[in-house]
Structures are given as structure tokens and as C-alpha cells.
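K.L.:
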Amino acid sequence: MRCEKNQKKVNCAVYGCGLSASGALAIPQLITPNNSSEKPVVTSKEAKKPKRISSLSPHEIRFVSSGLNNRFQVGGHVRNSETDKGQDYYISAKRVALPVENEKIIGVSSGRAHSLIASKTKVFAIGENIFGQCGIDPETSTHSAGSVHCSLDTSFVLTKAGEIFAFGLNEDGQCGNGKYGIQWQPRKVLGDVNGEKIIAITGSTDTLLALTASGDVILWGQNEFSQAGEAFSDIQLNVNITSVGATSTSCVVSNDDGEVYTWGVGVLGLGPNTQRINRPTKLDQPLFDSSKVVKVFAGNTAMAALNEKGRCFVWGENRFASLGLGHSKRPCQIIMSGVVRAAGLVVYRKLGEKTEFLLLQASYPPHHWTPPKGHVDPGEDEWTAALREVNEEAGLTKQQLTIHEDCHETLHYEVKGKPKSVKYWLALLKNPFDVKLSHEHQNWKWAELAEAVKIADYAEMGALLRKFAEYIQSKA
């Protein structure tokens, strides 16, 4: 998605796309008016590509809002002088007056029907309060707000000291303090965040992610779609995380190497056949112009990534053309169409000072030597396929291996004119003699690096083996 540049030069600009019926895009021309009422006629009219919101001036506006206002979620009603009826919709940007003058706003966030506004000294709330998401007047606090965040019906204040206070709907543990039920008073989020300095909090719905200053991710709230993993397993990423996001059913993170990982349920950016993943899975870097991703985002049903070149990439549900792609079709994948995906494990063993790699020889011409690998089946991710293939082709189970999850590489090449990608992880065989050859191969061999590179034949595989050998050496 690229925003079209406006000819008029400005220091900053806001662009919007998606359903415009409620006036949420603050572009009156997209609304079909009804002469008998102040309300717009709700239609399915969409902004299919990003449009600049011209009513916003970077020089004059402090805090403005637009859209549905039936719960005062974008500020108090604007009165009609003739009928004295409140306005349930703002179809263009309206300035919202705060109860205190000359307050510099440092952050704004909106949930389903409420908003939080943070200034340097205060936090303001407007909108629906049936679940306590706007709180009640608290006692004076010495904590200084650094930012605010709203999920659907829950509110969060992140202090400058790196602590999180939550209030509102808490039926799925959204407030993260060991209690359930509606909470009107801000309470400190507990658990693994204790002793950590939190630098960011996010979550569009009822699953929350907090990012620590040390690059760790802490997750709580709804776990219906295994966003936090199964109760008996830990989701581990041995990388420094720099950006996080959560939809209603999935999660996305990026690390300091500019890589992106997703997991959960929905459109995950891994193709139409991968709709559920229980562990973080890396999206291939070429998807993002082979550039580092500097920040990821997540809405209720979609994700986005911004690369270091300033390009934005989006994937997810596209109802009402909300992704700004120029159409309302569902983009199930952000990979090239027709890409054949495969995955495997580069298995090695240690015999004294020697390091040997396992290579299998195909039973069909031209009888290539490769590590155990195979196609990703429908409904699988690369990780699942890699474990299945190493079991089918070499008789090895996950329990027989020590898999280095932080050491992986994806090869890209063409087979008979079709693009193919193969993702490999490095794995140590605990018992160096456990190998059972499948019918798909006619021979197998343990080879040291020089021999393995030679018989593997392809330069890309040779480079991969050398890289993995360097990793093994660094851990020695």
C-alpha cells in the first residue's frame, strides 16, 4: 500500500481508507446526506485507496475526532441551533475541547466506544463507560503518564516509569492483575511485568502484549486461539523484539534484525493454506522488499509492517477495503502467487572434535544430496512441515533432536520455472547413530563441512551449510 502524494507540501498528513458511512474518515464527500436529518445515510460506500483527510491542519489542530458518536466516544455532542438535537455522527473533523486549557497532548487511543487522551500531566476519558473503561475520578496520583492504550472495552495507562495500570472490562483477564470482573479503578498490571520496564503496550481486542526495555514480550488476556501457546508449553523467541501487535485472534512481532513473526488464527501472511499457527513463524524477508522491518501494527482483523524504506505492507481481512489496496478482496497471502513452499532440518552430530552433517540422496534423477526436507502440506506452517519431514525421511522425532530455533535460513530458487522456498532450521542429533532411511531416498551420509558442501552441489546450499557451521562453532 502506498499513499499518493498530494501536490501541496505539508509537514505532516493523515490518510484514511475503509468504510466511510459513519464519517470516521472525516471526508464529508464520502457520505450520502439525508436532508431530513443531521445523520448521514449509512451506506456501504468505501474509500478503497488511502485518501488524504484535508480537514486536518497540522498548524491549528490540537485534538480532533470524527465518526459515530452515539456513546459520546468522539466527544460531546455538537448542538443544532434550530432543533437542539445532539449530533450522533461527525462527518468531518471536529475539535474536542478538554476540561483544562493549554494541555499539550502526548497520546490518544480509541476502543470500541471510548477514548483516552493523555497530556503531560493528566489522562482524560470520553465515551461509553458501562464496563468501567472510562473509570471514575481516581485519587490524585504521583505517576506520570507516558502513553495510553485502549482495547475494545478496556483501558491502559503506561507510566513514564514503565508500569501499566488497567481498568474496564476484565472477563478474559484483560486487566492482568489476577482478578476477573469489571474494574472501575486503575490497578497495576501484575505477573511477569513486575520488575520490568515496559516501553509499549498493544492489543486491538482482548489479547494484550507488552514490550519490555530488554526486548522481551509479555502476553495476557484472551487465549482462545492459542496466542499465548498451550498451557503446557512456552512460546519462545530467542531474539530481541522491538515492535509488537495483536489482532483479535493472532499476534505479530518484529525484532532488531528487521524480521517479522506471526502466530495465532486468521490471515497470517503465510498463504491461504495456513490459517492457524501455535508458535511464532517467520515471514520471509523478500516479502518486505528484502528490507528490514522497523515497526509492526495490528488492528482487529489485519496486520501491517513498515520497512526501513518507508513502505507499508498490509495483510488480513479486507472488509470495506479497509486495507487500502484498491479493492475489497481478501488478500490471503503477501507471498508471490505460485510459490512452492518446503521446509526441513539441517541435522548434525558431534563425534569428538568432528562435526558431521546428515545428507540424504534422492531416489529419483538427478539424485541430489540434501538435508531432510519436503513440501509444506495444506494447513501446515514451515515448522510443522520440517518436523514431519525429518521424521518421515530420516526416522527422527523432535525428542531425539536439540533444535536451534534461533538458527534458520530460507533458500529461494526456481524449479521448472516455478519459484520455490525452503526454510531450514539447524538441529543436533542427541544419539549420533539414530537414522532410518525412507523409501524416498536411496542413500544417506554423514559428512564434514567440506565434503557436505561438495556433494550438496548447489552454491546456495553450500552457503547455508557454512553459515550453520559458523553457528555451531560459536556455541562450542
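Residue 115 in UniProt numbering is what sits at position 115 of the sequence shown, and the numbering runs on without skipping anything.
Ideal placement from N, C-alpha and C gives every residue a C-beta, glycine not left out.
DSSP state of V453, grouped into three classes?
P.N.:
Looking up residue 453 in the sequence shown gives position 453. If DSSP states are grouped into helix, strand and coil, V453 belongs with the helices.
K.L.:
If I'm right that G107 touches S147 with Cβ under 8 Å, what's the distance once you round it to whole angstroms?
P.N.:
Here residue 107 refers to the residue found at position 107 of the sequence shown. Here residue 147 refers to the residue found at position 147 of the sequence shown. That pair is a contact at about 5 Å.
K.L.:
In chain order, what residues of the same chain lie with their CB nearer than 6 Å to the CB of residue 542, ignoring the 5 residues before and after it?
P.N.:
Absent from the model: residue 542. The displayed extent of the chain is 1 to 476, so no value can be given.
K.L.:
Among residues of its own chain, excluding the 5 on either side of D216, which ones have a beta-carbon nearer than 8 Å to its beta-carbon?
P.N.:
What you label residue 216 is simply residue 216 of the sequence shown in a count that begins at 1. Result list for D216: E196 and I241, in chain order.
K.L.:
According to DSSP, simplified to helix, strand and coil, what is N130?
P.N.:
Within the sequence shown, residue 130 is the residue found at index 130, counting from 1. Per the sequence presented here, residue 130 reads as Ile, with Asn not at that position. Coil, per DSSP.
K.L.:
Are the beta-carbon atoms belonging to S226 and N278 less than 8 Å from one another?
P.N.:
The residue you call residue 226 lines up with position 226 of the sequence shown. The residue you call residue 278 lines up with position 278 of the sequence shown. Cβ distance < 8 Å, so S226 and N278 count as in contact.
K.L.:
Identify every residue that forms a DSSP beta bridge with M303.
P.N.:
By one-based count along the sequence shown, residue 303 stands at place 303. M303 is bridged to A298 and W315.
K.L.:
For R349, decide whether its Cβ has a neighbour in chain D, counting only Cβ atoms nearer than 8 Å.
P.N.:
In summary, chain D is missing from the structure at hand, where a single protein chain is found.
K.L.:
Going along the chain, which unbroken runs of the beta strand (DSSP E) with 3 or more residues stay wholly within the stretch 403-430?
P.N.:
Segments of the beta strand (DSSP E) lying fully in the stretch 403-430: 418-429.
K.L.:
Between the stretch 299-313 and the stretch 399-414, do at least 3 Cβ pairs fall closer than 8 Å?
P.N.:
Judged by Cβ distances under 8 Å, the stretch 299-313 makes no contact with the stretch 399-414, as fewer than three pairs qualify.
K.L.:
In the DSSP assignment, find the unbroken beta strand (DSSP E) run with K282 in it and report its ends.
P.N.:
Residue numbering aside, residue 282 sits at position 282 when the sequence shown is read from its first letter. R276 to L283 is the span of the beta strand (DSSP E), which, as asked, contains K282.
K.L.:
Write down the C-beta distance between G135 and Q174 rounded to the nearest angstrom, noting that I regard them as a contact closer than 8 Å.
P.N.:
Taking the sequence shown and counting its residues from 1, one reaches residue 135 at position 135. Taking the sequence shown and counting its residues from 1, one reaches residue 174 at position 174. In fact, because the Cβ distance is near 14 Å, the residues do not count as touching under 8 Å.
K.L.:
Out of curiosity, what's the CA-to-CA distance linking D206 and G395?
P.N.:
As a working note, residue 206 is residue 206 in the sequence shown. As a working note, residue 395 is residue 395 in the sequence shown. Whole-angstrom Cα-Cα distance: 42 Å.
K.L.:
Short check: CB of L426 to CB of Y458, under 8 Å?
P.N.:
Translated into positions along the sequence shown, residue 426 becomes position 426. Translated into positions along the sequence shown, residue 458 becomes position 458. Result no, Cβ atoms of L426 and Y458 do not sit closer than 8 Å.
K.L.:
Taking the beta strand (DSSP E) that G107 falls in, what are its first and last residues?
P.N.:
Numbered from its first residue, the sequence shown carries residue 107 at position 107. Where G107 is concerned, the enclosing beta strand (DSSP E) stretches over I105 to S110.
K.L.:
May I have the straight-line CA-CA distance separating L158 from I117, to the nearest angstrom?
P.N.:
Against the sequence shown, residue 158 aligns to sequence position 158. Against the sequence shown, residue 117 aligns to sequence position 117. About 12 Å.
K.L.:
Would you call the stretch 359-370 and the stretch 430-444 in contact, with 3 or more CB pairs under 8 Å?
P.N.:
Contact holds: three or more Cβ-Cβ distances are below 8 Å.
K.L.:
Pull up the distance between the alpha-carbon of K354 and that of P432, whole angstroms please.
P.N.:
Start at 1 with the first residue of the sequence shown, and residue 354 comes out as number 354. Start at 1 with the first residue of the sequence shown, and residue 432 comes out as number 432. Their Cα atoms are separated by approximately 12 Å.
K.L.:
What's the C-alpha gap between G462 and V453?
P.N.:
Indexing the sequence shown from 1 puts residue 462 at position 462. Indexing the sequence shown from 1 puts residue 453 at position 453. C-alpha separation (whole angstroms): 5 Å.
K.L.:
Within a Cβ cutoff of 6 Å, which residues of the same chain sit near L237, ignoring the five residues on either side of it in sequence?
P.N.:
Here residue 237 is taken as the residue at index 237 of the sequence shown, counted from 1. Once the five neighbours on either side are set aside, the close Cβ partners of L237 are P280.
K.L.:
Buried or exposed for T262, please, with buried defined as at least 16 other CB atoms from any protein chain shown within 10 angstroms of its CB.
P.N.:
Here the question's residue 262 lines up with position 262 in the sequence shown. Label assigned to T262: buried.
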